Amino acid sequence: MMMNKKNDRKLMALSILVAIIMWAFVMTSTNPSLSKTVRNVPLTIKNQELMQKEGFALVGKDEVSSVNVKVEGSRSDLASLSADDLVASVDLGTPSEGIKTLNIKVDGPSGIRVESTSPSNVNFKIEKIVKKELAVEIKVSDRLKESKIINVSNQSASKITVSGLRNNIDKVDRLILNVDKEEYLDGNIHDISIRPVDKNGKTVENVDLSQNDVSIAFDVLQSKEVGIDLSYDDKYSKNAEILESEISPNRVVIKGEKNILDKIDKIKTKKIDLSTIREGEFDKKVELDVPDGVSLNDGDNFVNVHLKIGKKN
């Protein structure tokens with residue numbers, strides 16, 4: 001009985017030893033194929049430089065910076081495989097505007113087969129970079145314009161090129177140069193910044209200007225509104241009198257230095273010759289006798305004069 005028990009124990013130990021040897025043999029000689037998921041493989045975007053060179057920009061994409069890759073290979077190959085051994089990429093290819101859905105491609109070492117990728121694709125939004133030239137619009141604040149005639153005397157650029165993504169450039173309606181400081185009107189040249197705005201006057205962000213400011217200077221004169229008096233030639237007939245008179249316009253805006261304007265309340269017309277008119281009507285354009293040192297704001301030195309003349313009683 002004791003001999004049988006000893007033999008059973010020896011047989012069991014021998015069986016376990018044989019099983020271990022056989023398992024080791026299978027593991028080392030057959031090297032079975034297995035699957036493995038490699039996580040957080042960095043995602044590379046190809047041909048971004050080509051896209052930029054062709055005048056396009058990547059403005060949006062899915063929030064994907066890495067992917068999980070399920071691979072198949074031998075146990076020995078998979079044992080040491082890491083995310084650094086795999087290359088996940090999408091190729092932007094030939095650039096064009098719009099939303100693109102691109103498949104993710106994964107390359108790995110020899111002997112490794114890619115079964116699946118999560119996610120399997122990525123969405124991209126691409127826009128064209130465009131430009132347009134716009135005139136610089138000078139905007140003087142109402143506070144500074146009060147009783148002044150302001151003219152540009154020097155301006156480095158009247159037009160500026162604005163560039164950027166098509167969606168942003170389409171919003172730009174005009175370029176504004178704001179004159180909002182008293183010092184800008186001192187006759188010297190100042191560099192004033194340019195602001196791109198939309199149709200509602202709101203600043204458009206994320207656009208580039210060919211130059212961000214303009215060098216500009218102004219001539220500034222005071223202005224004043226005055227009335228008009230008629231002036232007649234001394235030869236005006238003593239036997240006639242003016243029954244009605246009308247001047248159009250009857251007031252004008254003059255401009256000049258303040259010390260000169262302060263002395264002027266009215267402007268006379270040049271003398272009107274009525275020596276040959278005893279009775280009837282007079283309708284003519286008559287020139288204004290504008291004093292030295294001032295000028296009319298609108299540049300027209302004539303007014304329309306209508307007179308009704310009758311005999312003196």
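Throughout the sequence shown, residue numbering follows the UniProt record's numbering, covering 1 to 313 in sequence.
For each residue, glycine too, the CB sits at the ideal point set by N, CA and C.
Quantities reported herein were computed from a predicted structural model and do not represent experimental measurements.
With respect to the alpha helix (DSSP H) encompassing residue i, which residues constitute its N-terminal and C-terminal limits?
i: lysine 271; result: Element bounds for lysine 271: n/a, residue is neither H nor E.
i: lysine 258; result: 258–261
i: leucine 288; result: Taken as a continuous stretch (DSSP letters only), leucine 288 belongs to no alpha helix (DSSP H), as it is neither H nor E.
i: asparagine 168; result: 166–169
Quick one: grab the DSSP three-state call for residue i.
i: aspartate 186; result: coil
i: aspartate 77; result: helix
i: leucine 243; result: strand
i: alanine 157; result: coil
i: glutamine 211; result: coil
i: aspartate 107; result: strand
Is it true that the CB of residue j sits closer than 8 Å to the CB of residue i?
i: valine 179; j: serine 141; result: yes
i: isoleucine 129; j: glycine 201; result: no
i: lysine 231; j: aspartate 289; result: Sequence check: residue 231 is serine here, not lysine. For serine 231 and aspartate 289, yes; Cβs fall inside 8 Å.
i: phenylalanine 218; j: isoleucine 150; result: yes
i: leucine 134; j: glycine 108; result: no
i: valine 253; j: glutamate 287; result: no
i: valine 62; j: valine 136; result: Note on identity: in this sequence residue 62 is aspartate, with valine being the wrong assignment. No, the Cβ-Cβ distance between aspartate 62 and valine 136 is not below 8 Å.
i: phenylalanine 282; j: isoleucine 264; result: no
i: asparagine 103; j: serine 120; result: yes
What separation, rounded to the nearest whole angstrom, lies between the Cα atoms of residue i and residue j?
i: valine 303; j: isoleucine 272; result: 12 Å
i: glutamate 244; j: asparagine 301; result: 23 Å
i: residue 330; j: glutamate 205; result: Shown here, the chain extends from 1 to 313; a query on residue 330 therefore has no answer.
i: valine 59; j: glycine 93; result: 16 Å
i: isoleucine 160; j: asparagine 259; result: 39 Å
i: alanine 83; j: serine 65; result: 13 Å
i: lysine 70; j: serine 89; result: 15 Å
i: threonine 100; j: proline 42; result: Note on residue identity: the sequence assigns lysine, not threonine, to residue 100. One C-alpha to the other measures close to 20 Å.
i: serine 80; j: glutamate 49; result: 34 Å
i: aspartate 170; j: glycine 98; result: 16 Å
i: isoleucine 242; j: glutamate 279; result: 9 Å
i: threonine 37; j: threonine 44; result: 19 Å
Since I believe residue j is in contact with residue i (beta carbons under 8 Å), could you give me their beta-carbon distance rounded to a whole number of angstroms?
i: glutamine 222; j: lysine 148; result: 6 Å
i: lysine 131; j: aspartate 173; result: About 15 Å separates the two Cβ atoms, so there is no contact after all.
i: tyrosine 184; j: isoleucine 192; result: 7 Å
i: valine 294; j: glycine 256; result: 4 Å
i: serine 74; j: serine 33; result: 6 Å
What residue range is occupied by the uninterrupted beta strand (DSSP E) comprising residue i?
i: phenylalanine 137; result: Note on residue identity: the sequence assigns glutamate, not phenylalanine, to residue 137. From DSSP, the beta strand (DSSP E) with glutamate 137 extends over 121–140.
8 Å is my cut-off, CB to CB: does residue i come that close to chain D?
i: isoleucine 138; result: Included in the structure is just one protein chain, with no chain D present.
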